[in-house]
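J.: Sequential numbering of the sequence shown, starting at 52, is according to our numbering.
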Amino acid sequence: MREAFDPHSNDNALFVTSRCNNRCLMCCQPPQADPDAEHLFAHNVRLLQSAPPDLPVLGITGGEPTLLGERLVALLEEAHRRLPHTAFHLLSNGRAFSDAAFVRRVCRAAGDNLFVGIPLHSDYAGDHDLIAGCRGAYEETLTGLYNLADAGVEIELRVVVNRLNYARLPRMADFIFKYLPFVGWTALMAMERTGLSVPNEAQVWAEPRQYAPQLRQAVLSLAGWGMGVAVYNVPLCLLPRDCWPYAKQSISDWKTAFAPRCEACRTQAQCCGLFSTSIRPFEGITPILEP
Ligand code: SF4
């Protein structure tokens, strides 16, 4: 739990609950059953009192923040009152946004300074629900995406690439272009080797070099169609060169690490690095020696 804001960090966030109504097979922070929301609500309201007024972005994360219901609305109201110029980056599975009235209350509370990161695990409902660990999740998430778009909320669509969905990445790109053209950008993300991806390794784990061809096709298709696209968490040495322009330094600064061999790499300053929280680094990390 965060005790203070760091104005130099790229990852200031309010952690609002450890509960979740999904059970994603590769969740890096497995949900807890504890009813901790009230305690965290009071903590976060106190924390907001010391927030730097020029904070550009504040994350709202969990667990699943929308499980707070009206307490999330109240927290956003307080956050917007304290930080009227700050954008709020809410990470959610999107299911609660299938209620359009709730979307409107959340938007109003955030003063319309809201963008929402929502994972889509597949264009195929059966795969999405399997990966999310919840039957019916796909339908609610899709409805939520449309409701958010209707309310004018900027959407970051998040695709966590794994063994169950990487073969369909090119088809997912088609699907996003045809049916979700309103998203601000699609982030294709490598997994963190921690949390549930460890016990579920045989079912979900995939190495970036395994899915590089499908990732490349999806990235270049989306970009070619004029859609916003980004690659998160894939080191440059594991990413096809024509995808480098879309790679972001996406890993929170407090959990970014580099391998000893990265010292010889010419692209370290541009690379997202590795998760210090992963139990093993990705396979195939190789310093780039030529420009
Ligand atoms: S060798 Fe290290 S710094 Fe270079 S691209 Fe790979 S992970 Fe990044």
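In this text, a Cβ means the ideal position worked out from N, Cα and C, and glycines have one as well. Fair warning: this is a prediction, and the values are worked out from it, not measured in the lab.
(1) To which residues of the same chain is proline 58 closer than 6 Å at the C-beta, ignoring the five residues directly before and after it?
(2) Under the rule that 16 or more other beta-carbon atoms within 10 Å means buried, what is isoleucine 206, buried or exposed?
(3) Going by Cα to Cα distance, which pick from Lys299, Leu273, Met240, Ala151 is closest to proline 259?
(4) Relative to the C-alpha of cysteine 288, which candidate in Asp225, Arg244, Cys316 has its C-alpha closest?
(5) Just grab the DSSP bridge partners of tryptophan 236 for me.
(6) Hey, phenylalanine 228 and leucine 273 are a contact pair by Cβ (cut 8 Å); roughly how many whole angstroms apart?
(7) Of the choices Ala218, His140, Leu199, whose alpha-carbon is the least far from that of tyrosine 343?
(8) Is it the case that the Cβ atoms of asparagine 95 and leucine 134 are separated by a distance below 7 Å?
(9) Counting C-beta neighbours from all protein chains within 10 Å, is the total for aspartate 180 16 or more, i.e. buried, or is it exposed?
(10) Per DSSP, what kind of secondary structure is aspartate 302 in: helix, strand or coil?
(11) Cutting at 7 Å between CB atoms, please list the residues of its own chain near histidine 131, excluding the five before and the five after it.
(12) Please confirm whether any heavy atom of the ligand SF4 lies closer than 6 Å to the CB of glutamine 300.
(13) What are the boundary residues of the beta strand (DSSP E) that proline 264 is part of?
(14) For a quick check, are the C-beta atoms of threonine 245 and serine 329 less than 7 Å apart?
(15) From histidine 136 to aspartate 105, what does the alpha carbon distance come to, in whole angstroms?
T.: Inspection of the coordinates gives the following:
(1) Pro103
(2) buried
(3) Met240
(4) Cys316
(5) Glu207
(6) 7 Å
(7) Residue 343 lies beyond the residue range present for the chain, which begins at 52 and ends at 342; the question has no answer from this structure.
(8) no
(9) buried
(10) For the record, residue 302 in the displayed sequence is isoleucine; it is not aspartate. Coil at isoleucine 302, not helix or strand.
(11) Ala160, Ala161, Gly162, Asn164
(12) no
(13) Run containing proline 264: none in the beta strand (DSSP E); it sits in the alpha helix (DSSP H), 259-275.
(14) yes
(15) 7 Å
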